[in-house]
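Enquirer: In this note's numbering, the protein residues as written are 14 to 214.
By construction, the Cβ of each residue, glycine as well, lies at the ideal position given by its N, Cα and C atoms.
Small disclaimer: the values here were computed from a predicted structure and weren't measured.
So that we are looking at the same thing, I have put the structure below in structure tokens.
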Amino acid sequence: MVSAQTLTESDRRVVAAWAADCAEHVLPLFEAEAPDDDRPRDAVRRARAFARGELDAAGEIRRRFVAGRAAQAVATPAAVAAARAAAQASGVAHMGAHALGAAAYAAKAAGPAEPRLQAAVDDEIRWQLDHVTPPVRAALRRLPALGSDPSGPLGAGLLATGVLGTTIRALQRAIGDEDEHEDGDGDGDGDGDGDGATLSP
């Protein structure tokens, strides 16, 4: 039986582009520490090529762990998380749920890179939501809630803990709210108070 976290191939191609955007946004944090290691950037390029229909799922499934191994070549938490964001983006060819993994690791990368930590994570989540197109939103809404389905990365594992879990829950809440950009106060948080502060639980 196919997991609900897989999504159709057409949906995976749609969310792969967004996952690549999320990973690429923090990629400089990895490249600052390992400028000669192109594995994460190559993973982002492949995710985009998959999104455009230029690569098939089978080939990308075989290569999805390459960028993840780049995380072992760096030491700072930001660089490690940035490499893992790229790895998750390349994994979208296998399972659509990895798109949320890419976003979560990108947010985690942004946190250690800034002294404000949680504020930086929230800023990254807002950036990610600003780049969700209607087709991406529709595809991501088909994914099960974090922790509700054990058959994939959104199960009760690593992505459900810490800042990764917090980020995915915030994204799923926002993506599931059709009125998030129409709450009357312009902040996009859906509460009408203008402060934009609903990303942190």
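1) Span of the alpha helix (DSSP H) holding F43?
2) For L159, name the three-state secondary structure that DSSP assigns.
3) Going by DSSP in three states, Q185 sits in which element: helix, strand or coil?
4) Roughly how many angstroms lie between the CA atoms of V28 and A120, to the nearest whole one?
5) Using the rule of at least 16 other Cβ atoms within 10 Å of the residue's Cβ for burial, across every protein chain shown, is S23 buried or exposed?
6) Which two residues bound the contiguous alpha helix (DSSP H) that contains R76?
7) A173: which of R76, L20, A110 sits nearest, CA to CA?
8) For A98, collect the residues of the same chain with a Cβ closer than 7 Å to its Cβ; drop the 5 residues on either side in sequence, then sort them by chain order.
9) In whole angstroms, what separates the C-alpha of W31 from that of Q141?
10) Taking buried to mean at least 16 other C-beta atoms within 10 Å of its own C-beta, is D135 buried or exposed?
11) Is the Cβ-Cβ distance between A112 and P53 less than 8 Å?
12) Is the CB-CB distance between P157 and L171 below 8 Å?
13) Assuming L153 is part of the alpha helix (DSSP H), what are its boundary residues?
14) Taking the C-alpha atoms as reference points, what is the distance between G175 and A70?
15) When the Cα atoms are used, what is the spatial distance from A62 to L68?
16) In the structure shown, what three-state DSSP assignment does Q18 receive?
17) Just tell me which of G81, A60, H107 has its CA closest to the CA of G165.
18) The alpha helix (DSSP H) spanning V93 covers which residue range?
Expert: The relevant details are as follows:
1) 22–44
2) coil
3) helix
4) 17 Å
5) exposed
6) 70–76
7) A110
8) C35, A36, V39, A115, Y118, A119, A122
9) 8 Å
10) buried
11) no
12) no
13) 147–153
14) 30 Å
15) 6 Å
16) coil
17) H107
18) 90–103
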